[in-house]
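Student: Quick note on this note's numbering: the sequence shown kicks off at 1267 and runs consecutively.
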Amino acid sequence: MSYQLAQINVGRTLYPLDDPRMAGFTSRLDRINALAEAAPGFVWRLQSDSGNATDIQVGDDPQFIVNLSVWRDAEALFDFVYRTAHREVMVQRRQWFEPPAGAFQALWWVPAGHRPSPQEGLAAIARLQAEGPTPAAFSFKTRFEAPDSGGAAGTDLDPAPWCVGWS
């Protein structure tokens, strides 16, 4: 395959990361990141010397954090997000994160070997918010196959049965 799937999700924490009320989130980062790295289809994730991306600032707000990774395909990412212990943490996100005002996750295809920047990911979220799902930025619910797939239609993946939404 000459393309891989990039994903970004963002959020603004309710409290600074060193606040004791964030311990339920921060204490699980290493375990969940190791789980991702061991997952079938995992390729790469954004991280600093700390081993995670929570201290990589992409703006002026230290409580705005990004999670950026690359996967073999949407099915591999979906399985990790919704069918592993990652789901347990995600279901509790209301304890640690503000409800998003708009799009907070985007998927898009990148050439194999490309490591997207946080700015590239933020642009994908902005594109998804402004234009809706397109081949340049989409979601699990409305997704597009890799550009080299020969036009094969992808099966949309609905996360609703596995994860309670924000509403």
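No residue lacks a Cβ here, since even glycine has one placed at the ideal position from N, Cα and C. Bear in mind that the values here come from a model prediction, so they are computed numbers and not experimental data.
With burial defined as no fewer than 16 other Cβ atoms inside 10 Å of the residue's Cβ, what is the status of A1319: buried or exposed?
Tutor: Counting from one through the sequence shown, the residue named residue 1319 turns up at place 53. Label assigned to A1319: buried.
Student: D1284 to R1349, Cα distance in whole Å?
Tutor: Position 18 of the sequence shown, counted from the start, is the residue given in the question as residue 1284. Position 83 of the sequence shown, counted from the start, is the residue given in the question as residue 1349. Each residue's alpha carbon lies about 29 Å from the other.
Student: Look at the alpha carbon of K1407 and the alpha carbon of A1305, and state the distance between them as a whole number of angstroms.
Tutor: By 1-based counting over the sequence shown, the position of residue 1407 is 141. By 1-based counting over the sequence shown, the position of residue 1305 is 39. Using only the alpha carbons, I get a separation of about 22 Å.
Student: Go to V1376, then tell me how far its beta strand (DSSP E) extends in each direction, as first and last residue.
Tutor: On the sequence shown, residue 1376 is found 110 positions in, with the first residue counted as 1. It spans 1371 to 1377 - the beta strand (DSSP E) in which V1376 sits, taken as one unbroken run.
Student: Take N1299 and list the residues in its own chain whose beta-carbon comes closer than 8 Å to its own, dropping the five residues that flank it on each side.
Tutor: Counting from 1 along the sequence shown, the entry for residue 1299 is found at position 33. R1311, Q1313, G1317, N1318.
Student: Opposite Q1270 in the DSSP bridges: which residues?
Tutor: Your numbering for residue 1270 matches position 4 in the sequence shown. Beta-bridge pairing links Q1270 to V1376.
Student: Can you tell me where the alpha helix (DSSP H) with F1410 in it begins and where it stops?
Tutor: The residue you call residue 1410 lines up with position 144 of the sequence shown. Here F1410 belongs to no alpha helix (DSSP H), and DSSP marks it neither H nor E.
Student: Would you call the region 1338 to 1346 in contact with the region 1275 to 1284, where contact means no fewer than 3 C-beta pairs closer than 8 Å?
Tutor: No, they do not touch.
Student: Comparing C-alpha positions only, which one of A1389, Q1361, D1326 sits nearest to T1292?
Tutor: What you label residue 1292 is simply residue 26 of the sequence shown in a count that begins at 1. Measuring from the Cα of T1292, the nearest candidate turns out to be Q1361.
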